[in-house]
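As structure tokens, the structure follows; a few thoughts come after it.
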Amino acid sequence: DAGVTQSPTHLIKTRGQHVTLRCSPISGHKSVSWYQQVLGQGPQFIFQYYEKEERGRGNFPDRFSARQFPNYSSELNVNALLLGDSALYLCASSVTGAYGYTFGSGTRLTVV
Amino acid sequence: GESVGLHLPTLSVQEGDNSIINCAYSNSASDYFIWYKQESGKGPQFIIDIRSNMDKRQGQRVTVLLNKTVKHLSLQIAATQPGDSAVYFCADTSGGSYIPTFGRGTSLIVHP
């Protein structure tokens, strides 16, 4: 079975630009969560979606947005990129969002 | 959410030794705890979990101990192998929120 897939794996953007990151959950998983992991730190929660509805939002500015599609895949969008947005962005899927998170390998975003 | 922190940023052990990674949490309402392993270039991987109504749980070569009195969690790895080298995170959830909050992480280095 395929795990959680994220695309692209690496990305370089310029300050002020916009970026879209994509995540495909494990088949049968209806919940997707997004985390930001800055080098040397633990993942920080950004969003959780379940059945296309936002279930939770972390302490991130409105430049960050996300959505979940009918096939349960998800996109994370970041507008007006800042240098500090450089990080590994992780997507995790689970059946209900309660337990059993499986993480993808992440998208490494570098803002220059 | 409340912070979940780790005592040591780096732990170096010899192959074959037993490793103990510690974690302190501050939220007395935390009711579910998870240990993750993150290898370089990969997302966090579930190792073992424990609910707050338990003191100990064992898996294959790993044991998690929970001391609710002092809000302390530990991960014990028996007969540590070079493949165990990674960053280990504890995470917790609380109060009906099933979204894991991660600590900073401990880097485990296993010397052959």
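Chains A and B supply the protein sequences, listed in that same order.
Counted the way the working numbering counts, the first sequence spans residues 323 to 434.
Counted the way the working numbering counts, the second sequence spans residues -9 to 102.
Even for Gly, the Cβ is constructed at its ideal location relative to N, Cα and C.
Residue i burial status per 10 Å Cβ neighbour count (16 or more: buried)
i: serine 20(B); result: buried
i: lysine 104(B); result: In the structure as shown, chain B begins at -9 and stops at 102. Residue 104(B) is therefore absent and cannot be evaluated.
i: serine 18(B); result: exposed
i: proline 383(A); result: exposed
i: serine 349(A); result: exposed
i: serine 416(A); result: buried
i: serine 16(B); result: exposed
i: glycine 364(A); result: buried
i: alanine 69(B); result: exposed
i: alanine 81(B); result: buried
i: valine 433(A); result: buried
Same chain only: Cβ atoms within 6 Å of residue i, ignoring 5 sequence neighbours per side
i: histidine 101(B); result: Gln4
i: lysine 374(A); result: Gln390
i: arginine 41(B); result: Tyr22
i: tyrosine 394(A); result: Pro347 and Lys352
Interface residues of chain A facing residue i [CB-CB closer than 9 Å]
i: threonine 96(B); result: Simply none; closest approach about 10 Å.
Cβ of residue i within 8 Å of any chain B Cβ
i: serine 427(A); result: yes
i: glutamine 390(A); result: no
i: phenylalanine 386(A); result: no
i: serine 346(A); result: no
i: threonine 411(A); result: The question names threonine, but residue 411(A) in the sequence shown is tyrosine. No, no contact with chain B.
i: glutamine 423(A); result: Position check: residue 423(A) holds tyrosine in this sequence, whereas glutamine was assumed. Answer yes: the Cβ-Cβ gap between tyrosine 423(A) and chain B drops below 8 Å somewhere.
Within-8 Å CB hit, residue i to chain A
i: tyrosine 88(B); result: yes
i: histidine -3(B); result: For histidine -3(B), the pLDDT reaches just 48, beneath the cut-off of 50, and the residue's location in the model is therefore unreliable, although a value from the coordinates is still provided. No, because no Cβ of chain A sits closer than 8 Å to the Cβ of histidine -3(B).
i: phenylalanine 23(B); result: no
i: proline 102(B); result: no
i: proline 72(B); result: no
Neighbouring residues, chain B, relative to residue i (Cβ below 8 Å)
i: alanine 420(A); result: Tyr88
i: phenylalanine 382(A); result: The contacting residues do not exist; phenylalanine 382(A) stays about 13 Å from chain B at best.
i: serine 355(A); result: Ile89
Within chain A, the residues that residue i reaches when beta carbons sit closer than 8 Å
i: glycine 93(B); result: Gly364
i: glycine 31(B); result: Ser427
Nonlocal neighbours in the same chain, by C-beta distance under 7 Å from residue i, ignoring five residues either side
i: proline 330(A); result: Thr429
Amino acids of chain B, ordered along the chain, whose beta-carbon sits closer than 9 Å to that of residue i
i: glycine 378(A); result: Ser87, Tyr88 and Ile89
Own chain, CB closer than 8 Å to residue i, minus 5 neighbours either side, in chain order
i: threonine 327(A); result: Cys345, Ser346 and Gly426
CB contact flag (residue i, residue j, <8 Å)
i: glycine 378(A); j: glutamine 390(A); result: no
i: threonine 96(B); j: proline -1(B); result: yes
i: threonine 83(B); j: proline 90(B); result: yes
i: serine 2(B); j: isoleucine 67(B); result: no
i: glutamine 359(A); j: alanine 409(A); result: yes
i: isoleucine 38(B); j: valine 52(B); result: yes
i: leucine 55(B); j: tryptophan 25(B); result: no
i: tryptophan 356(A); j: alanine 388(A); result: yes
i: leucine 398(A); j: leucine 333(A); result: no
i: glutamine 339(A); j: leucine 405(A); result: no
i: glycine 419(A); j: tyrosine 372(A); result: yes
Partner residues on chain D for residue i, Cβ-Cβ distance less than 9 Å
i: glutamine 370(A); result: Judged by its chain identifiers, the structure shown contains no chain D, and its protein chains are A and B.
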